[in-house]
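Numbering of the sequence shown is given in our numbering, commencing with residue 37 and proceeding in unit increments.
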Amino acid sequence: MTTELRSAIAFYKRLAALPLDSSRRLKHINDAADTADHVLLAIRYGVVDSNIRRLNKTIIGLLLSRFRAERSSNHALVKRINDVMLGLHLAIDWMTGAQPVYSLQHIERSSCNRVRR
Numbered sequence: 037m038t039t040e041l042r043s044a045i046a047f048y049k050r051l052a053a054l055p056l057d058s059s060r061r062l063k064h065i066n067d068a069a070d071t072a073d074h075v076l077l078a079i080r081y082g083v084v085d086s087n088i089r090r091l092n093k094t095i096i097g098l099l100l101s102r103f104r105a106e107r108s109s110n111h112a113l114v115k116r117i118n119d120v121m122l123g124l125h126l127a128i129d130w131m132t133g134a135q136p137v138y139s140l141q142h143i144e145r146s147s148c149n150r151v152r153r
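See the structure below:
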């Protein structure tokens, strides 16, 4: 089992336990993922919803970890963090119905593109 799939399953189990209101907010954020609006929605919902706030903190933590690993040229860690982030994307897509559960097709969105050097 790949790191991406392992993390996707773990995140999906965590997201499946969210209350209905948080699930609806997550779906609204994910539906706006083709634009930069999803960032504003995530921040706005994070203010009133502790579940979305925790998810935001997880995403920010992963982004900061990846940034630090890139700066220290730790390519193996960057790859592992990217795999975890892709797993999180898959779990959110499964949870919000953007794709069937346990489908491994990553949906490319312009707002989610990684920086390439």
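Backbone N, C-alpha and C define an ideal beta-carbon position, used for all residues, glycine too.
Leaving aside the five residues before and after residue i along the sequence, list all residues of the same chain whose C-beta is less than 7 Å from its C-beta, in chain order.
i	result
Gln141	Gln135
Val114	Arg102, Ala105, Glu106
His64	Leu77
Can you tell me the Cα-Cα spacing of residue i and residue j, whole angstroms?
i	j	result
Leu51	Glu106	28 Å
Asp119	Arg80	27 Å
Lys49	Val137	11 Å
Val84	Arg42	30 Å
Asp67	Thr94	20 Å
Go ahead and pull the three-state DSSP assignment for residue i.
i	result
Asn110	coil
Met37	coil
Ser139	coil
Leu126	helix
Leu62	helix
Asp85	coil
Asp67	helix
Ala78	helix
Buried or exposed: which applies to residue i, given that a residue is buried once 16 or more other Cβ atoms fall within 10 Å of its Cβ?
i	result
Glu40	buried
Ala44	buried
Leu100	exposed
Asp57	exposed
Residue j and residue i - do their beta-carbons sit closer together than 8 Å?
i	j	result
Ile88	Arg61	yes
Leu91	Met121	no
Would you say residue i touches the ligand FAD, meaning its beta carbon is less than 7 Å from a heavy atom?
i	result
Arg61	Looking at this structure, you won't find the ligand FAD or any other ligand, since it has none at all.
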